[in-house]
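Asker: My questions will all concern the structure given below.
Below, the structure is given as structure tokens:
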């Protein structure tokens, strides 16, 4: 449990109102604003999904770099806007996420506060999660407590009396809920009842204080007396007095939490044998734990490639066949057949949309499998397993969680670093996230590995993800020993959620939420990139008209200019370098750029590349001087390690600024090129 920090928080810029009109992200539309708050792993996100139907909008809160989820809560008793605030153990912020939560709940102007705050607490860990609730109750807020995880508490032989808990806290409305199973009856009614009542400061026990003086409270300096030294001694005395006040307030809160827990809980029997603890002894052990982790990741990536492939083929057949053919026929009837309009629409826009659709199965399977690992509780164990590895580069084990998110997409992985309390740890993690192999690279891996390694393609793909972890460690050690030498280490402090069976309804909701966010973010970028490649390919710069039309285009000239840089790595061919340049905008567009520049159809099933695979094999054989395997491996290594997509760079700039983003960019390019050259040159000598 974290207590008051003992030091006064520095002045912060004004945070926009929850009610709109003040620059905030929440559009009120005349509706009440309900804020959800709670400690990590209490089921707050599940409750948000349950009350909103997973219709979630995510964006940065104005003036900050912290994402906040919003949605609509419509029930018979309620029609409100819901704000899902970042998880916090208390209102004593140790990270940007917690700072935003505090700033939105501790406001000098009551008109800027949420209309109702729903504090989510866990019946299985009541004492631990009530501290935040007590701090929230000290504010002039309408508060409702939602108690989750009664089933976990029952397995521990504990039962929580909601009526007794509410009475112990000063007649606060308390509602037991089970959001994972959609059991939230009574919560909307309680929130509606709170809206009808006044927003008054919760009555603390006699003699207690709230630990936050606020703008109108006298400062401790006033109590020092006229004889106090106006110099440093006075400042130290004031700081000591303020620390004593904060610690005394925290002590009173702990006393109240203990009393409320004792009044509301009772033992219903002996604690059942906890199979979760027995499993943890295996999956978090120093020897078996890492092996289990690698096996789980191997299964995720193999399932992703095998399950998605048939659906990819069906989607590509639909787009490249009936859809493209229908548009060509329609343009022919209006006299635009075989013109630049047909080329733009069919070879540019429709090809780009079709390519994007072929990514949907891969992304959906990946997001679904990661949601299973997350909802089951295993991802938190992965942080424990990797703690020793993370500490070697100066990061806590929980820094692995943003890195895991990065395997899905680097952009939310960068955003997820806000859970780290230390600013330098956040900086290092943001710089390392792009070395995690996002799922956008997966399609390229599948195409290249299937073209060159046949039935061993799955092993090559798995090897790329293992190498991704190795690159994270190497880059972390490099940065820590040079630019971030002052970065220290700390022990892992992490609340492990209980193992539980994933709920299909929630898995589908989370998968769709992440997939739709990817489509909204990447869709425009991908289509625009494909159109630009088509336009550059259409601009002829002269040369041999009987030769390759794309090679003689502006696109071919640009790609050929960069090709000599990669000659030492064995893939100094303009097709390969052009695809890498396109990949700077979006890694998803690499395959489509190859399809365009080779003037062949994009394969419906990237595991069966057909004519595109034949073209790739011919060019790699020529550019590598016959050393195809090391050249292909060098290409994959560079693709893994080089510059992330433009969206990731924008996310990095938002989190750590332009200078550090450029530092990360240079580090990635240098490391990726060096490793690619080493792979090819060493491989060339061995083959």
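Numbering (this note's numbering), first residue to last: 396 to 1082. Every residue, glycine too, gets a C-beta built ideally from N, C-alpha and C.
Please report the distance separating the alpha-carbon of residue 645 from that of residue 1032.
Answerer: Position 250 of the chain shown holds residue 645. Position 637 of the chain shown holds residue 1032. Those two C-alpha atoms are separated by around 52 Å.
Asker: Candidates 990, 585, 956: which alpha carbon is nearest residue 542's?
Answerer: For the purposes of this step, residue 542 is taken as residue 147 along the chain shown, with counting starting at 1. It is 585.
Asker: Going by CA-CA distance only, name the one from 537, 514, 518, 475 that's closest to residue 505.
Answerer: Here residue 505 refers to the residue found at position 110 when the chain shown is read from its first residue. Comparing Cα positions, the closest option is 537.
Asker: Apart from the five residues on each side of it in sequence, which residues of its chain come closer than 6 Å, Cβ to Cβ, to residue 971?
Answerer: Along the chain shown, one-based indexing puts residue 971 at 576. Excluding positions up to five away in sequence, the list is empty.
Asker: What residue range does the beta strand (DSSP E) around residue 474 cover?
Answerer: By 1-based counting over the chain shown, the position of residue 474 is 79. 473 to 479 is the span of the beta strand (DSSP E), which, as asked, contains residue 474.
Asker: For residue 468, write down the residues that DSSP places opposite it in a beta bridge.
Answerer: Start at 1 with the first residue of the chain shown, and residue 468 comes out as number 73. DSSP lists 475 as partners of residue 468.
Asker: With a cut-off of 8 Å on the beta carbons, I'd call residue 1084 and residue 828 a contact; round off their distance for me.
Answerer: This structure does not reach residue 1084, given that the chain is present from 396 up to 1082, and the question cannot be answered.
Asker: Using three-state DSSP, classify residue 435 as helix, strand or coil.
Answerer: As a position in the chain shown, residue 435 is number 40, starting the count at 1. Three-state result, residue 435: coil.
Asker: Are the CB atoms of residue 1047 and residue 809 nearer to each other than 8 Å?
Answerer: As a first step, residue 1047 must be located in the chain shown, where it is residue number 652. As a first step, residue 809 must be located in the chain shown, where it is residue number 414. For residue 1047 and residue 809, yes; Cβs fall inside 8 Å.
Asker: Give the DSSP-derived three-state secondary structure of residue 1066 in the structure shown.
Answerer: To locate residue 1066, count along the chain shown from 1; it is residue 671. The answer is helix: DSSP assigns residue 1066 an H, G or I state.
Asker: Relative to the alpha-carbon of residue 675, which residue among 587, 581, 776, 662 has its alpha-carbon at the smallest distance?
Answerer: On the chain shown, residue 675 is found 280 positions in, with the first residue counted as 1. With distances taken between Cα atoms, residue 675 lies closest to 776.
Asker: So, do the segment 760 to 769 and the segment 898 to 906 have three or more beta carbon pairs nearer to each other than 8 Å?
Answerer: Because the criterion of three Cβ pairs below 8 Å is met, the segment 760 to 769 and the segment 898 to 906 touch.
Asker: Just the C-alpha distance for residue 786 and residue 712, rounded to the nearest angstrom, thanks.
Answerer: Position 391 of the chain shown holds residue 786. Position 317 of the chain shown holds residue 712. Each residue's alpha carbon lies about 48 Å from the other.
Asker: In the DSSP output, which residue or residues are listed as bridge partners for residue 573?
Answerer: Looking up residue 573 in the chain shown gives position 178. In DSSP, residue 573 forms a bridge with 578.
Asker: Buried or exposed for residue 690, going by 16 or more other Cβ atoms inside 10 Å?
Answerer: Here residue 690 refers to the residue found at position 295 when the chain shown is read from its first residue. Burial call: exposed.
Asker: Going by the beta-carbon positions, is the gap between residue 834 and residue 761 smaller than 8 Å?
Answerer: As a position in the chain shown, residue 834 is number 439, starting the count at 1. As a position in the chain shown, residue 761 is number 366, starting the count at 1. The answer is yes: Cβ separation under 8 Å.
Asker: Only counting runs of 3 or more residues, tell me where the beta strand (DSSP E) segments fall wholly within the segment 647 to 694, in order along the chain.
Answerer: Listed in chain order, they are 660 to 662.
Asker: Roughly how many whole angstroms lie between the Cα atoms of residue 855 and residue 442?
Answerer: Position 460 of the chain shown, counting from 1, holds the residue named residue 855. Position 47 of the chain shown, counting from 1, holds the residue named residue 442. Using only the alpha carbons, I get a separation of about 40 Å.
Asker: Among the residues of its own chain, which have a CB less than 7 Å from the CB of residue 671, if the five just before and after it don't count?
Answerer: Locating residue 671 in the chain shown gives position 276, where the first residue counts as 1. Excluding positions up to five away in sequence, the list reads 893, 894.
Asker: Could you spell out where the beta strand (DSSP E) holding residue 962 opens and where it closes?
Answerer: The sequence position of residue 962 within the chain shown is 567, counting from 1. No beta strand (DSSP E) contains residue 962, which DSSP labels as neither H nor E.
Asker: Apply the 10 Å Cβ neighbour rule to residue 650 and answer buried if 16 or more other Cβ atoms are within range, or exposed otherwise.
Answerer: As a working note, residue 650 is residue 255 in the chain shown. Exposed: under 16 other Cβ atoms inside 10 Å.
Asker: Do residue 948 and residue 958 count as a contact pair if the criterion is CB distance below 8 Å?
Answerer: Taking the first residue of the chain shown as position 1, residue 958 is located at position 563. Taking the first residue of the chain shown as position 1, residue 948 is located at position 553. No; because the gap between Cβ atoms is not below 8 Å, this pair is not in contact.
Asker: What residue range does the alpha helix (DSSP H) around residue 745 cover?
Answerer: To locate residue 745, count along the chain shown from 1; it is residue 350. Run containing residue 745: none; DSSP gives neither H nor E here.
Asker: What do you get for residue 479, buried or exposed, if any count of 16 or more other CB atoms within 10 angstroms of its CB means buried?
Answerer: Counting from 1 along the chain shown, the entry for residue 479 is found at position 84. Residue 479 is buried by the Cβ-count criterion.
Asker: Check for me: the beta strand (DSSP E) holding residue 831 runs from which residue to which?
Answerer: Sequence index remark: in the chain shown, residue 831 carries index 436 (1-based). From DSSP, residue 831 is part of no beta strand (DSSP E); its letter is neither H nor E.
Asker: So, do the segment 1016 to 1034 and the segment 1070 to 1081 have three or more beta carbon pairs nearer to each other than 8 Å?
Answerer: With a cut-off of 8 Å, the segment 1070 to 1081 and the segment 1016 to 1034 count as touching, because enough Cβ pairs lie within range.
Asker: My assumption, with CB atoms under 8 Å, is that residue 1075 sits in contact with residue 1018. Please give the rounded CB distance.
Answerer: Residue 1075 sits at position 680 when you count from the first residue of the chain shown. Residue 1018 sits at position 623 when you count from the first residue of the chain shown. Incorrect: roughly 10 Å between the Cβ atoms, too far for contact.
Asker: With the cut-off set at 8 Å, would you say residue 512 and residue 432 are in Cβ contact?
Answerer: Counting from 1 along the chain shown, the entry for residue 512 is found at position 117. Counting from 1 along the chain shown, the entry for residue 432 is found at position 37. Yes, the pair counts as a contact, with Cβ atoms nearer than the cut-off.
Asker: So residue 517 is in the beta strand (DSSP E); what residue range does that whole segment cover?
Answerer: Residue mapping note: residue 517 aligns to position 122 of the chain shown, counting from 1. Taken as a continuous stretch (DSSP letters only), the beta strand (DSSP E) holding residue 517 covers 511 to 517.
Asker: Rank 954, 705, 581 by C-alpha distance to the C-alpha of residue 471 and give the top, closest one.
Answerer: One-based indexing of the chain shown puts residue 471 at position 76. The shortest C-alpha separation from residue 471 is found at 581.
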